[in-house]
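Number of protein chains: 2
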Amino acid sequence: MSSWRGVLEQYREWLELPQGISPVTLLEGNTPLLSIPHLAADWNSSAAYVKVEGMNPTGSFKDRGMTAAVSVAVAGGARALICASTGNTAASAAAYAARAGLRCIVLIPEGQVAAGKLAGARAHGAEVVQIQGSFDAALELVQELAPLLPAVLVNSLNPDRLEGQATAAFEILDHLGGAPDWLALPVGNAGNISALWLGFRRMAEKRSSGTPRILGAQAAGAAPLVVGSPVENPRTVASAIRIGRPARGPQALAAARESGGGIVSVPDSEILRAQADLASEGIWVEPASAAGVAAARAEIESGRIDIKGKTIVFIATGHGLKDPALYPHVNDPILTVLANPRALMEALRT
Amino acid sequence: MSSWRGVLEQYREWLELPQGISPVTLLEGNTPLLSIPHLAADWNSSAAYVKVEGMNPTGSFKDRGMTAAVSVAVAGGARALICASTGNTAASAAAYAARAGLRCIVLIPEGQVAAGKLAGARAHGAEVVQIQGSFDAALELVQELAPLLPAVLVNSLNPDRLEGQATAAFEILDHLGGAPDWLALPVGNAGNISALWLGFRRMAEKRSSGTPRILGAQAAGAAPLVVGSPVENPRTVASAIRIGRPARGPQALAAARESGGGIVSVPDSEILRAQADLASEGIWVEPASAAGVAAARAEIESGRIDIKGKTIVFIATGHGLKDPALYPHVNDPILTVLANPRALMEALRT
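Chains C and V are the protein sequences, given in the same order.
Counted from 1, the first sequence has number 329 at position 327 by the numbering used here; the numbering is strictly sequential.
Counted from 1, the second sequence has number 114 at position 112 by the numbering used here; the numbering is strictly sequential.
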């Protein structure tokens, strides 16, 4: 068994971070690449995998970037962190801030953040403030506030975040022995697609490992990179990608284009269907995490993408526990039965 | 980077399971052993670690046992699984049943299971039935129903569950290069303490790796192994150990005694304090998972245990996301502020 020391130790030589920093780590990364045989068979792909990023310490991929951003912040003498968040960034920033003994300030859009995500941030002692505005307004505000407080901005505008998140690409390459043909993932603020493309390109240059074609997925009601302009009131059940003005938009579009892929939008109904498909393979993800599967299905079934005999990897960005209320049927009343065997056998037959 | 293949592949030679079974795996295990330097310093221990079992696929240690139980069930031709659960077993059984294409029936005590746990089970398509009775009544019922349905019982009465859960001991030994001086963990139905002791003993016989003294922790309102008799109406905020009639009680008492440790009870207030202590080290756990820390603190501060210069490992059984509502303060109203910098600076100062 390996003794995993976190993504910064594991990939130090591949990361463009200041030399000699001490990692602030919760032993993030090293997440499973799990096969999804039923979907692979449906599509005649040679192999389909999910990179299960919900198995990071705070339940999402954000921890990879946060270990980098917080480690650099501490090396620079920071005392406080600040971020805007739809939830996952908040939980991650709060956990790493606690680990490092830093103050953590989180701005969230009022009423827009899943309860479980918020609870994590508050459990770690972050100061959570709701603003009367969207995520995009919150992201503008934290950029203004960061130098005034002062606090280090740990949204994915912070380049160290992208370095850390590139490690997911390194792990996929290490696992498969080279790049998959396709990589599909949700696109919200667009930091992750940018980071993964950065990671694959960097390794391709140094090790000739090849690069995947990248398929980015936005929700139909929050698809600024598909419609070509900001969306003022983004709407989708997939709260983690409910973003109308992505901070890394141009980079995301470049990543899709340069890789030979694209960014497409998918309706919420298809996102929830994909979430159910993953659950039936044993993987419970939050809705946004299923957007890549929904997008791949649409592209494959329409014939725009052919993955027969090819390998595809999906990035499942966050755990289902992050947003349990949204799953279809989980809010239905539960059958309640007397505690005797006959009543139960009867109930189970119907 | 290792390509982890799950606990059955990793520890096949150490496990007493039928030969040649194909693992049904979600790539569980390989969880971090994370240092908790502040608590270690408070106690003058040479090192204190948390085995972060919430980073398993369904967010708890149950996945280790479930991969074993479900793999054996499938090899035996089973079509259905059944269990009683306070929540974590349900989520795990449901996920592995989905992976294997089996029916999954879960009995839960009415109104006693944290919402996030239940959502997971239902997301994976399990049939969840509430019974008008306690967990202990549910556990009696599933034993009656299993042969009638027929369905394989996957509670920790199932010996394969214990084999799988023993792998946490193997990982700790691999990581530390030998046994810690102390191991502390929560005790509910008592399967996990029994499994870990089994794992440490087995490896000690084969590899002379030594064994830890084991400190089991029960909640004061649900402490049958401390008071010496079943508790009819167990009460505690720590829902995962709200069990009054532990199925593996005698084994748990033997494990504590043989190892040179003990089983003690801790009040809910101390469990919640320990949860906050772990959160301030960057680890958010569900309340039950903090019981071991609460017990260790009580034993150390009273002088009954001396861990100066010694190593202690805590098993944090489940993720904080499993039960987010319970954390102190997470239900307090969140500060809401206008989306302008001046209002925010003012709010953050107060």
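All residues carry an ideal CB built from backbone N, CA and C; glycine is no exception.
Please read these numbers as outputs of a predicted model, since none were measured by experiment.
Check whether residue i and residue j have beta carbons under 8 Å apart
i: residue 141 of chain V; j: residue 157 of chain V; result: yes
i: residue 186 of chain C; j: residue 314 of chain C; result: yes
i: residue 296 of chain C; j: residue 192 of chain C; result: no
i: residue 151 of chain C; j: residue 82 of chain C; result: yes
i: residue 62 of chain C; j: residue 324 of chain C; result: yes
i: residue 254 of chain C; j: residue 195 of chain C; result: yes
i: residue 101 of chain C; j: residue 283 of chain V; result: yes
i: residue 301 of chain C; j: residue 266 of chain C; result: yes
i: residue 31 of chain C; j: residue 169 of chain C; result: yes
i: residue 143 of chain C; j: residue 269 of chain V; result: no
i: residue 118 of chain V; j: residue 289 of chain V; result: no
i: residue 263 of chain V; j: residue 227 of chain V; result: no
i: residue 234 of chain C; j: residue 19 of chain C; result: no
i: residue 8 of chain V; j: residue 27 of chain V; result: yes
i: residue 224 of chain V; j: residue 131 of chain C; result: no
i: residue 273 of chain C; j: residue 221 of chain C; result: yes
i: residue 341 of chain C; j: residue 167 of chain V; result: no
Helix, strand or coil at residue i according to DSSP, with G and I counted as helix
i: residue 343 of chain C; result: helix
i: residue 1 of chain V; result: The structure shown does not extend to residue 1 of chain V, since chain V is modelled only from 3 to 352, so the question has no answer here.
i: residue 62 of chain C; result: strand
i: residue 3 of chain V; result: Unreliable positioning characterises residue 3 of chain V in this predicted model, as indicated by a pLDDT of 45, which lies under 50. A coordinate reading is not provided.
i: residue 145 of chain C; result: helix
i: residue 175 of chain V; result: helix
i: residue 354 of chain V; result: Nothing in the structure corresponds to residue 354 of chain V, since chain V is present only between 3 and 352.
i: residue 26 of chain C; result: coil
i: residue 224 of chain V; result: strand
i: residue 287 of chain C; result: strand
i: residue 44 of chain V; result: helix
i: residue 181 of chain C; result: coil
i: residue 250 of chain C; result: coil
i: residue 32 of chain V; result: coil
i: residue 352 of chain V; result: coil
i: residue 238 of chain V; result: coil
i: residue 233 of chain C; result: coil
i: residue 88 of chain V; result: coil
i: residue 99 of chain V; result: helix
i: residue 138 of chain C; result: helix
i: residue 15 of chain C; result: helix
i: residue 67 of chain V; result: helix
i: residue 326 of chain C; result: helix
i: residue 306 of chain C; result: coil
N-terminal and C-terminal residue of the alpha helix (DSSP H) that residue i is part of
i: residue 298 of chain V; result: 293-303
i: residue 119 of chain C; result: 117-125
i: residue 195 of chain V; result: 193-209
i: residue 273 of chain V; result: 270-282
i: residue 11 of chain V; result: 9-12
Sheet register partners of residue i (DSSP bridge)
i: residue 187 of chain C; result: C:218
i: residue 83 of chain C; result: C:106 and C:154
i: residue 54 of chain C; result: C:318
i: residue 264 of chain V; result: V:217
i: residue 130 of chain V; result: V:108
i: residue 313 of chain V; result: V:49
Residue range of the beta strand (DSSP E) that includes residue i
i: residue 166 of chain C; result: Run containing residue 166 of chain C: none in the beta strand (DSSP E); it sits in the alpha helix (DSSP H), 161-167.
i: residue 36 of chain V; result: 35-37
Counting pairs of beta carbons, one from the stretch 36-54 of chain C and one from the stretch 68-81 of chain C, are three or more of them closer than 8 Å?
no
Validate contact between the stretch 116-132 of chain V and the stretch 30-45 of chain V using beta carbons, cut 8 Å, 3 pairs
no
Under 8 Å, with one C-beta from each stretch per pair, do the stretch 193-213 of chain C and the stretch 244-262 of chain C reach the 3-pair mark?
yes
Specify whether the stretch 204-221 of chain C and the stretch 103-122 of chain C touch according to this definition: at least 3 beta carbon pairs, one from each stretch, less than 8 Å apart.
no
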